[in-house]
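Since the structure comes first, as structure tokens, the remarks are kept for the end.
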Amino acid sequence: MPSGTDRSQDDALNEAVDLDLDRKREILAREALLGRDDWTVLGLKPGATAEAVKLAYFDASRVFHPDRYYGKNLGTFRARLERIFQRLSEAHETLTEALRRSPPSAPSRPAARGAPGGSTAGVDPRADERRARLARHPYLASKARAGALVEEAQRQMRTAPEKALHLLEQAKALGGHAGKDRAPALEVEAKQQLNSNRAEDEMKTGSAAAHDGDATAAARAYVRASELDPRRADAAYEAARWLLKAGHPLAEARGFAQRAVTLRADHLPSQLVLGEICLRMGMGSVARRHLEAALKLDPRNAEAKALLRQVR
Amino acid sequence: MAEQEPVIGIDLGTTNSVVAIVQSGQPHVIPNRTGQNLTPSIVAVTSAGKRLVGQLAKRQAITNPENTVYAAKRLIGRKFSSDQVRRAREALPYQIVCGEHDDVRVQMAEKAVSLPEISAAVLRELKLDAEASLGRPVSKAVVTVPAYFNDGQRQATKDAGRIAGLDVLRILNEPTAAALAYGFGKQVTGKIAVFDLGGGTLDVSVLEVARGVFDVVATGGDTYLGGEDFDNRIIEMLVMNFAKEHGVDLRKERMALQRLKDAAERAKIELSELNETNINLPFLYTPPGGTSAIHLQATLTRARFEELTQDLVERTVEIVDKVLNEANVHPDELREIVLVGGMTRMPAVQKAVRRHFQRDPSKGVHPEEVVALGAALQADALMQPSSQVLLLDVTPQSLGVAIAGGYNRVLIPKNTTVPTSVTELFHTSRDGQTTVKIMVLQGESELAHQNELLGEFILSGLRLAPRGEVEIEVTFEINSEGIVSVSARDKETGLEQSITVTASGGLTPEELKNILEQQADSMLEARISSEVEQKRNALTSAAAEVSALIPRVRQLTGSSEFGREALRRAEEVIASARAAAQGEDLAALTDWVDQLERTRVLFVGVLERLGARQ
Numbered sequence: 000m001p002s003g004t005d006r007s008q009d010d011a012l013n014e015a016v017d018l019d020l021d022r023k024r025e026i027l028a029r030e031a032l033l034g035r036d037d038w039t040v041l042g043l044k045p046g047a048t049a050e051a052v053k054l055a056y057f058d059a060s061r062v063f064h065p066d067r068y069y070g071k072n073l074g075t076f077r078a079r080l081e082r083i084f085q086r087l088s089e090a091h092e093t094l095t096e097a098l099r100r101s102p103p104s105a106p107s108r109p110a111a112r113g114a115p116g117g118s119t120a121g122v123d124p125r126a127d128e129r130r131a132r133l134a135r136h137p138y139l140a141s142k143a144r145a146g147a148l149v150e151e152a153q154r155q156m157r158t159a160p161e162k163a164l165h166l167l168e169q170a171k172a173l174g175g176h177a178g179k180d181r182a183p184a185l186e187v188e189a190k191q192q193l194n195s196n197r198a199e200d201e202m203k204t205g206s207a208a209a210h211d212g213d214a215t216a217a218a219r220a221y222v223r224a225s226e227l228d229p230r231r232a233d234a235a236y237e238a239a240r241w242l243l244k245a246g247h248p249l250a251e252a253r254g255f256a257q258r259a260v261t262l263r264a265d266h267l268p269s270q271l272v273l274g275e276i277c278l279r280m281g282m283g284s285v286a287r288r289h290l291e292a293a294l295k296l297d298p299r300n301a302e303a304k305a306l307l308r309q310v311r
Numbered sequence: 000m001a002e003q004e005p006v007i008g009i010d011l012g013t014t015n016s017v018v019a020i021v022q023s024g025q026p027h028v029i030p031n032r033t034g035q036n037l038t039p040s041i042v043a044v045t046s047a048g049k050r051l052v053g054q055l056a057k058r059q060a061i062t063n064p065e066n067t068v069y070a071a072k073r074l075i076g077r078k079f080s081s082d083q084v085r086r087a088r089e090a091l092p093y094q095i096v097c098g099e100h101d102d103v104r105v106q107m108a109e110k111a112v113s114l115p116e117i118s119a120a121v122l123r124e125l126k127l128d129a130e131a132s133l134g135r136p137v138s139k140a141v142v143t144v145p146a147y148f149n150d151g152q153r154q155a156t157k158d159a160g161r162i163a164g165l166d167v168l169r170i171l172n173e174p175t176a177a178a179l180a181y182g183f184g185k186q187v188t189g190k191i192a193v194f195d196l197g198g199g200t201l202d203v204s205v206l207e208v209a210r211g212v213f214d215v216v217a218t219g220g221d222t223y224l225g226g227e228d229f230d231n232r233i234i235e236m237l238v239m240n241f242a243k244e245h246g247v248d249l250r251k252e253r254m255a256l257q258r259l260k261d262a263a264e265r266a267k268i269e270l271s272e273l274n275e276t277n278i279n280l281p282f283l284y285t286p287p288g289g290t291s292a293i294h295l296q297a298t299l300t301r302a303r304f305e306e307l308t309q310d311l312v313e314r315t316v317e318i319v320d321k322v323l324n325e326a327n328v329h330p331d332e333l334r335e336i337v338l339v340g341g342m343t344r345m346p347a348v349q350k351a352v353r354r355h356f357q358r359d360p361s362k363g364v365h366p367e368e369v370v371a372l373g374a375a376l377q378a379d380a381l382m383q384p385s386s387q388v389l390l391l392d393v394t395p396q397s398l399g400v401a402i403a404g405g406y407n408r409v410l411i412p413k414n415t416t417v418p419t420s421v422t423e424l425f426h427t428s429r430d431g432q433t434t435v436k437i438m439v440l441q442g443e444s445e446l447a448h449q450n451e452l453l454g455e456f457i458l459s460g461l462r463l464a465p466r467g468e469v470e471i472e473v474t475f476e477i478n479s480e481g482i483v484s485v486s487a488r489d490k491e492t493g494l495e496q497s498i499t500v501t502a503s504g505g506l507t508p509e510e511l512k513n514i515l516e517q518q519a520d521s522m523l524e525a526r527i528s529s530e531v532e533q534k535r536n537a538l539t540s541a542a543a544e545v546s547a548l549i550p551r552v553r554q555l556t557g558s559s560e561f562g563r564e565a566l567r568r569a570e571e572v573i574a575s576a577r578a579a580a581q582g583e584d585l586a587a588l589t590d591w592v593d594q595l596e597r598t599r600v601l602f603v604g605v606l607e608r609l610g611a612r613q
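Just so you know, the protein sequences line up as chains A and B, in that order.
So for the first sequence, numbering that gives the first Met the number 0 puts the first residue at 0; every next one is plus one.
So for the second sequence, numbering that gives the first Met the number 0 puts the first residue at 0; every next one is plus one.
Here you go:
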């Protein structure tokens with residue numbers, strides 16, 4: 000490298016802008032790669048999956064998108080960031096489009112490279128060596144790594160589903176049997192676990208807000224809980240109840256009340272709240288059905304009786 | 000340590016506006032000083048000269064229709080002479096006048112008020128609400144606009160912010176904001192579509208979301224399809240029935256029209272939950288000459304309402320299709336469909352979306368608040384380095400330059416992620432041309448005059464040379480703030496001219512056509528226009544396909560008069576098309592490709608029918 004480039008690098012590192020030295024170095028290092036191929040620009044090895052391309056693009060955007068430095072004095076680094084980000088976008092788009100047309104199905108590229116022309120003899124004395132070299136090739140090595148990641152994810156599943164998801168995502172990017180077949184199945188499980196953990200958190204948030212008398216916040220939390228875990232009857236019931244209290248549109252509340260009743264037909268408060276919502280919406284016959292169901296559960300329930308009188 | 004200045008997010012809507020903020024990492028709506036989350040986007044001046052905004056303005060609209068301005072968003076950033084404004088003038092009870100630069104002004108009391116001033120009054124109200132709630136001054140905001148707003152409309156919205164004393168950090172697309180709020184804190188991964196049917200516009204966006212990054216894949220919509228169109232269908236029906244019964248045209252009665260508008264909106268909202276609603280407008284019309292007033296009483300069923308608006312609902316789905324197509328996204332790939340905007344409460348709209356995507360749309364977002372929440376999240380993401388949210392937005396419309404022959408050469412296609420820049424080489428279009436005019440266009444049409452002119456400039460001092468010898472490099476750039484700049488450089492001399500697009504040109508198509516004709520001598524020519532090249536290829540392959548079909552068609556139908564005639568015409572078309580392929584006229588090429596395609600379809604159809612019979 001001519002010393003001129005070094006000097007301009009030094010100048011850039013010394014430039015008085017709102018960036019620390021590490022970030023400046025990171026930006027300059029990525030800028031130096033912009034003339035290279037699309038994989039390198041994104042920091043990937045050739046042959047990565049579309050999912051890995053997307054995540055690499057997103058991760059790089061987090062660092063290089065100019066919005067991450069909004070309102071800061073960036074000097075020459077603004078133009079550098081814009082250049083880098085544009086090149087990242089192009090690389091992402093080109094690779095995504097190419098992978099959409101022909102997803103990487105077989106290790107055709109590495110294999111082809113591993114077999115240079117020339118030796119046509121039946122027994123190739125260098126075959127073993129070539130096989131060993133192939134096994135070290137990123138594509139094949141990655142298979143073994145994917146398997147290890149999936150196993151680790153399985154261990155983390157119950158306690159740390161978020162971590163498991165992250166590991167599975169990496170495994171998927173690596174491909175192979177573990178990455179392609181096992182990881183997606185486990186991913187579904189991990190997401191369910193994650194959602195049910197989150198739903199539990201939202202239920203707590205909701206109950207705290209309810210305790211403070213903030214109906215809107217309570218409704219919001221319970222709605223989220225019911226969405227995260229649609230099979231949770233208590234979440235659906237609380238969501239309906241608090242949406243009603245917070246004065247939200249009745250149609251919204253009705254959806255959750257209906258869900259609560261479907262999940263737990265023998266839960267009297269759910270029947271009551273659905274009955275009341277239907278009544279207010281002018282759906283008399285539906286309201287009656289649910290209020291009568293409530294009375295069947297407890298023939299002396301005063302609230303159900305009172306509401307039923309309003310229907311008639 | 001000093002607390003950072005609060006930054007708010009504002010959804011400046013056609014009918015209602017909402018303001019929100021992120022506090023301790025969570026976005027929430029700031030209620031206005033009357034305790035409501037929604038502030039009507041209405042500004043009025045009373046007979047006493049007092050300015051009213053929001054609920055207060057709405058409440059007195061019926062008695063003061065001429066001085067009550069609503070739906071200003073439909074007019075902002077538009078030209079007085081545009082079709083849209085002409086249409087709006089017929090429907091709106093307040094008076095619209097022409098400003099000095101063909102801009103739209105509203106006559107309020109004695110004053111002609113500009114649209115940015117009206118929107119500013121709403122923004123100022125929201126700013127005051129936020130200040131009252133936070134107990135601190137607020138001077139920075141992110142404001143949302145429909146994705147399909149053009150540069151002029153965005154600039155005008157920014158101006159409104161400035162007038163209201165707000166530094167608008169960013170103009171954000173509404174469906175993007177909605178997706179941001181929807182996906183925030185949810186760990187959604189995958190593609191989601193946002194269907195935003197508001198008071199005045201339909202916006203559709205497709206986003207890819209992972210790890211807090213929101214990547215807009217495509218966006219589109221219709222700036223003239225929204226809740227008010229649905230209201231208008233009810234108004235039209237009521238007006239027609241009233242005319243039939245009483246022989247009176249209510250559209251000429253401003254006060255009656257205002258009451259009809261209110262009643263129609265209310266009826267529409269009620270029909271989202273009920274199957275039937277009554278419209279009662281006592282003393283709606285007092286005939287001249289002292290006879291007693293006429294009341295309006297009508298019943299509207301949901302079925303009838305759906306019938307009246309069926310075509311509108313169908314149009315919404317068509318637009319969704321178009322956007323998905325452009326994004327190369329198959330409906331099956333979508334992880335979620337998020338419904339936003341008050342109009343999506345209408346069951347028929349939900350049903351259409353469900354039928355089209357074969358699944359239930361996502362519930363649980365508050366359709367009227369989600370956009371403001373998203374704006375607040377983007378404001379927070381910009382100001383807080385620790386924020387996990389990053390938005391990768393796109394240009395909603397294509398940007399190009401006018402080239403010789405009156406065509407538009409697109410340099411930055413729509414849905415390109417910003418910031419971005421493109422450089423392309425052009426050359427002079429005639430002998431001895433010493434100046435070129437660079438006209439920057441926004442829009443999707445191949446024909447230059449059907450696009451919006453954003454700005455123009457001249458590059459002069461070119462060398463005297465035969466056509467095509469002088470090369471000019473044109474660079475388009477959109478920076479991270481969404482500002483467009485264009486430069487042109489004479490490759491030989493290094494002479495350079497540039498503009499930053501700031502104000503809206505906003506000429507009518509006729510005006511633009513005239514200008515283009517006057518400037519015909521100083522146009523650029525695309526180097527080897529890739530459009531021409533593409534069309535030529537399409538033409539050649541279409542001609543080959545038709546030629547290949549001819550022998551079989553002759554065999555099957557050659558004996559009939561119809562067959563002989565069709566074959567003769569087909570051969571003519573092929574010959575003329577091939578001749579046109581030698582030229583560079585894009586319109587002619589397009590025409591011949593179409594004709595060949597029609598011939599091909601005809602032949603294939605004939606072969607199928609006759610082939611099946613054999």
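No residue lacks a Cβ here, since even glycine has one placed at the ideal position from N, Cα and C.
Predicted model only: the values in this text are computed from it and were never measured.
* Asked: Under three-state DSSP, which class holds H294 of chain B?
  -> strand
* Beta-carbon spacing of R308 of chain A, I276 of chain A below 8 Å -> no
* Asked: In this structure, does DSSP put G246 of chain B in helix, strand or coil?
  -> coil
* Asked: Would a check of beta-carbon distances place V212 of chain B closer than 8 Å to chain A?
  -> yes
* When you check each C-beta in the region 160-186 of chain B against every C-beta of chain A, which residues fall closer than 9 Å? -> L168, R169, G184, K185 and Q186
* To do: Would you please verify whether the beta carbon of L595 of chain B is less than 8 Å from any beta carbon of chain A?
  => no
* Would N172 of chain B pass as a contact of E451 of chain B if the rule is Cβ separation under 8 Å? -> no
* Asked: With DSSP run on the structure shown, which of helix, strand or coil describes V485 of chain B?
  -> strand
* Asked: Comparing alpha-carbon positions, which option in A:E201, A:L242, A:L227 and A:A220 lies nearest Q192 of chain A?
  -> A:L227
* Pull up the DSSP beta-bridge partners for R104 of chain B, would you. => B:V96 and B:S113
* Chain-ordered residues of the region 263-286 of chain A with a beta carbon less than 7 Å from chain B -> M280 and G281
* Asked: Okay, do the region 387-407 of chain B and the region 45-64 of chain B touch, 3+ Cβ pairs below 8 Å being the bar?
  -> no
* Asked: For the region 368-398 of chain B, which residues have a CB atom closer than 8 Å to at least one CB atom of chain A, in sequence order?
  -> A380, L381, M382, P384, L389, L390 and L391
* What is the DSSP secondary structure of H289 of chain A, counted as helix, strand or coil? -> helix
* Asked: How about F229 of chain B and L311 of chain B: do their beta carbons lie closer than 8 Å?
  -> yes
* Asked: Applying a beta-carbon distance threshold of less than 7 Å, which residues of chain A neighbour P418 of chain B?
  -> P65, E81, F84 and Q85
* Buried versus exposed call for H100 of chain B [16 or more other C-beta atoms within 10 Å across all chains shown] -> exposed
* Asked: So, V112 of chain B versus R123 of chain B, is the Cβ gap smaller than 8 Å?
  -> no
* Hey, out of B:S428, B:E455 and B:Y406, whose CA is closest to E623 of chain B's CA? -> No information on residue 623 of chain B is available, as it lies outside the stretch 0 to 613 that chain B covers here.
* To do: Rounded to whole angstroms, what's the CA-CA distance from T343 of chain B to P366 of chain B? Just pull it up for me.
  => 8 Å
* Does the region 425-442 of chain B come within contact of the region 452-469 of chain B, defined as at least 3 CB pairs closer than 8 Å? -> yes
* Asked: According to the Cβ coordinates, are E116 of chain B and Y93 of chain B closer than 8 Å?
  -> no
* Backbone CA spacing between E516 of chain B and A60 of chain B [nearest angstrom] -> 47 Å
* Say whether chain A places a C-beta atom closer than 8 Å to the C-beta of S503 of chain B. => Any reading at S503 of chain B must be qualified, since the residue scores a pLDDT of 46, below 50, and its modelled position is unreliable; the value itself is stated next. Chain A contact via Cβ: absent.
* Please report the Cβ distance between V21 of chain B and A177 of chain B, rounded to the nearest whole angstrom; I am assuming they are in contact, meaning their Cβ atoms lie under 8 Å. => Rounded, the Cβ-Cβ distance is 16 Å, inconsistent with contact.
* Asked: In chain A, which residues lie with their C-beta within 8 Å of the C-beta of R488 of chain B?
  -> The contacting residues do not exist; R488 of chain B stays about 18 Å from chain A at best.
* Any idea what DSSP makes of G635 of chain B, helix, strand or coil? -> Because chain B here runs from 0 to 613, residue 635 of chain B falls outside it and cannot be looked at.
* Contact the region 238-253 of chain B vs the region 326-335 of chain B: 3+ CB pairs below 8 Å -> no
* Asked: In chain order, what residues of the same chain lie with their CB nearer than 7 Å to the CB of T598 of chain B, ignoring the 5 residues before and after it?
  -> V545, A569 and V572
* Asked: How long is the line joining the alpha carbons of E207 of chain B and K190 of chain B, rounded to whole angstroms?
  -> 4 Å
* Looking only at DSSP bridge pairs, what is D214 of chain B linked to? -> B:E207 and B:L391
* Who does P39 of chain B pair with in a DSSP beta bridge? -> B:N15
* S138 of chain B and D166 of chain B closer than 8 Å at C-beta -> yes
* In the DSSP assignment, find the unbroken alpha helix (DSSP H) run with M640 of chain B in it and report its ends. => Outside the displayed span of chain B (0 to 613) sits residue 640 of chain B, for which this structure offers no information.
* Helix, strand or coil for K321 of chain B per DSSP? -> helix
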